[in-house]
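Scroll down for the structure; my scribbles are underneath it.
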Amino acid sequence: PNRIDDSSGLGNLAAVGVVFLTLVAVQRQLRALGYFTSDRPEYPLVNLLDLVALGTVCDVVPLTGLNRVYVRQGLKVMAQRQNIGLRALSDVARLDERPDSGHLGFVFGPRINAGGRVGEAALGTRLLSTNDPAEAAQIAAKLDGYNRDRQTLEADVTAAALAQIGDPGDDPLIFAHGEGWHPGVIGIVAGRLKDRFGRPAIVIGHEDGIGKGSGRSISGVDLGNAIIDARQAGLLRAGGGHAMAAGLTVDADKLDALRDHLDSLLRAPILQARLDRALTVDVQVSVAGASLELLDDLVKIGPFGVGNPAPKIALANVTIERCDVVGADHVRLFISDQAKNRLKVMAFRSAETDLGASLLGGQGRRFHLVGRLKRDDWGKTPKTEMHLIDAAYADGSF
592 PNRIDDSSGL
602 GNLAAVGVVF
612 LTLVAVQRQL
622 RALGYFTSDR
632 PEYPLVNLLD
642 LVALGTVCDV
652 VPLTGLNRVY
662 VRQGLKVMAQ
672 RQNIGLRALS
682 DVARLDERPD
692 SGHLGFVFGP
702 RINAGGRVGE
712 AALGTRLLST
722 NDPAEAAQIA
732 AKLDGYNRDR
742 QTLEADVTAA
752 ALAQIGDPGD
762 DPLIFAHGEG
772 WHPGVIGIVA
782 GRLKDRFGRP
792 AIVIGHEDGI
802 GKGSGRSISG
812 VDLGNAIIDA
822 RQAGLLRAGG
832 GHAMAAGLTV
842 DADKLDALRD
852 HLDSLLRAPI
862 LQARLDRALT
872 VDVQVSVAGA
882 SLELLDDLVK
892 IGPFGVGNPA
902 PKIALANVTI
912 ERCDVVGADH
922 VRLFISDQAK
932 NRLKVMAFRS
942 AETDLGASLL
952 GGQGRRFHLV
962 GRLKRDDWGK
972 TPKTEMHLID
982 AAYADGSF
């Protein structure tokens with residue numbers, strides 16, 4: 592659909608979406624040729640939409656137009672647990688609720704991809720195509736183990752990168768590299784660093800004098816073009832990408848020159864992009880208004896993802912009653928308003944950030960919060976909770 596002579600307007604489809612349309616077209620032609628009979632019926636292609644939804648979300652394409660239809664209908668198919676492999680993966684991940692797009696991107700996708708990152712790349716294909724429940728359970732367990740290995744590798748590389756970076760000060764670009772850093776996690780680590788420091792990040796793992804790198808950018812900074820420029824300047828063996836992400840191969844003895852080149856090229860656009868940062872909010876509600884009824888209404892305009900993000904909700908003038916660290920680095924807070932309505936808020940991976948420090952030191956203070964509402968099914972009674980995006984002191988102090 593991205594060919595110049597194509598007029599379908601479906602250039603945002605992921606590869607899996609194009610394949611599905613191809614199957615539809617083939618079946619249509621076979622129908623016209625009289626191929627199908629009572630003994631040779633048509634295959635119900637709708638049953639494949641769970642895989643189409645999975646691939647569409649994990650390929651991070653905009654969830655608009657036909658992509659949104661694919662995912663919305665695919666989630667309904669997935670809820671029927673017809674695919675033996677996905678059923679096994681749900682069980683090993685202890686997913687006992689109706690799946691949504693978040694589960695596709697953060698529960699199923701990482702486990703299927705873990706095989707290619709740190710284990711056996713063919714495991715995902717075998718899992719999703721097997722008709723043997725015992726084999727599916729075995730593969731799902733193996734992928735879950737590989738995903739834990741990936742998480743450990745990711746944590747180790749992230750810690751090493753942070754130690755190397757220290758305080759980046761006014762450096763426009765986050766740039767970290769290390770001997771033996773696993774190539775299967777450097778892209779994830781680059782994304783973590785980008786989120787933490789609010790500026791583009793490049794992470795490179797090198798071995799035997801050759802570095803493999805991955806970069807993630809921020810809005811307003813075209814990292815892909817900068818990497819192409821560095822390649823054309825003779826600093827890279829290979830490299831390319833798009834505005835928000837890029838990959839590269841570099842000789843280890845050119846790392847310093849590469850960093851200097853990218854710093855020079857990107858300093859101005861990065862500084863401008865950081866000055867232009869603004870957090871837009873879709874709606875402000877009261878704590879009492881952040882209800883299950885509101886959440887049920889919001890779900891109707893999903894599924895949410897790239898191109899159709901979940902609405903950002905603002906809560907104004909709320910007080911932090913209690914705040915603590917849970918898990919490795921997540922901050923949990925309980926807030927209330929003047930009418931003593933209460934809500935739980937989670938700030939994931941924020942314990943070591945400036946945001947986390949402000950929250951942990953802000954007990955008893957009033958804040959403005961922005962986040963997304965989620966359903967909390969722990970316990971006997973379902974409730975809403977907020978997943979925090981950002982916070983500010985209500986009195987305007989810093």
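Taking this note's numbering, the leading residue of the sequence shown gets 592, the next gets one more, and so forth. Idealized CB from N, CA, C, for every residue including glycine.
What would DSSP say about residue 726, mapped onto helix, strand or coil?
DSSP places residue 726 in the helix class (H, G or I) of the three-state scheme.
Given a threshold of 16 other Cβ atoms within 10 Å of its Cβ, counted over all protein chains shown, does residue 785 qualify as buried or as exposed?
Here residue 785 is buried, its C-beta having at least 16 other C-beta atoms within 10 Å.
If you draw a straight line from the alpha carbon of residue 569 to that of residue 721, how long is it in whole angstroms?
In the structure as shown, the chain begins at 592 and stops at 989. Residue 569 is therefore absent and cannot be evaluated.
Using a 10 Å radius around the Cβ and a threshold of 16 neighbouring Cβ atoms, would you call residue 593 buried or exposed?
Exposed, since its Cβ has fewer than 16 Cβ neighbours within 10 Å.
Let me check understanding here. Comparing Cα to Cα, which of 943, 774, 644 and 688 lies closest to residue 788?
Measuring from the Cα of residue 788, the nearest candidate turns out to be 943.
Rounded to a whole number of angstroms, what is the C-alpha to C-alpha distance between residue 761 and residue 864?
In a straight line, the C-alpha of residue 761 is about 14 Å away from that of residue 864.
In angstroms, rounded to a whole number, what distance separates the CA positions of residue 694 and residue 829?
About 34 Å.
Looking at residue 677: is its Cβ nearer than 8 Å to the Cβ of residue 641?
Their beta carbons are under 8 Å apart, which means residue 677 touches residue 641 by this criterion.
So does the stretch 815-829 actually touch the stretch 882-898, counting three or more Cβ pairs closer than 8 Å?
The stretch 815-829 vs the stretch 882-898: no contact.
Which partner residues does residue 807 have in the DSSP bridge list?
Per DSSP, 792 and 836.
Quick one: what does DSSP say residue 698 is sitting in, helix, strand or coil?
Three-state DSSP puts residue 698 in a helix.
Counting only runs that start and end within the stretch 739-798, where is the beta strand (DSSP E) found for 3 or more residues in a row?
Runs of the beta strand (DSSP E) lying entirely within the stretch 739-798 and spanning at least 3 residues, in chain order: 765-770 and 792-798.
Our contact map puts residue 691 next to residue 894 with C-beta atoms below 8 Å; I'd like the distance itself, whole angstroms only.
For a cut-off of 8 Å, the C-beta gap from residue 691 to residue 894 is around 6 Å, short enough to register as a contact.
In angstroms, rounded to a whole number, what distance separates the CA positions of residue 935 and residue 983?
Cα to Cα, residue 935 sits roughly 17 Å from residue 983.
Beta-carbon proximity list for residue 968, same chain, < 7 Å, skipping 5 on both sides
If we look at residue 968 and ignore the five residues flanking it on each side, its Cβ neighbours are 688.
Can you grab the Cα-Cα spacing for the pair residue 595 / residue 976, in whole Å?
Rounded to the nearest angstrom, the two C-alpha atoms are 46 Å apart.
Counting along the chain, where does the alpha helix (DSSP H) carrying residue 888 start and finish?
Its alpha helix (DSSP H) spans residues 883-890.
Can the beta-carbon of residue 607 be found closer than 8 Å to that of residue 646?
For residue 607 and residue 646, yes; Cβs fall inside 8 Å.
Strand pairing of residue 841, partner residues [DSSP]
Residue 841 is bridged to 802.
What are the uninterrupted segments assigned as alpha helix (DSSP H) that are 4 or more residues long and contained completely in the stretch 620-684, given in chain order?
The qualifying runs are 640-649, 656-670 and 675-683.
Continuous beta strand (DSSP E) assignments of at least 3 residues falling wholly in the stretch 892-928
904-917 and 921-927, all fully within the stretch 892-928.
Terminal residues of the alpha helix (DSSP H) in which residue 945 lies
Start and end: 945-951.
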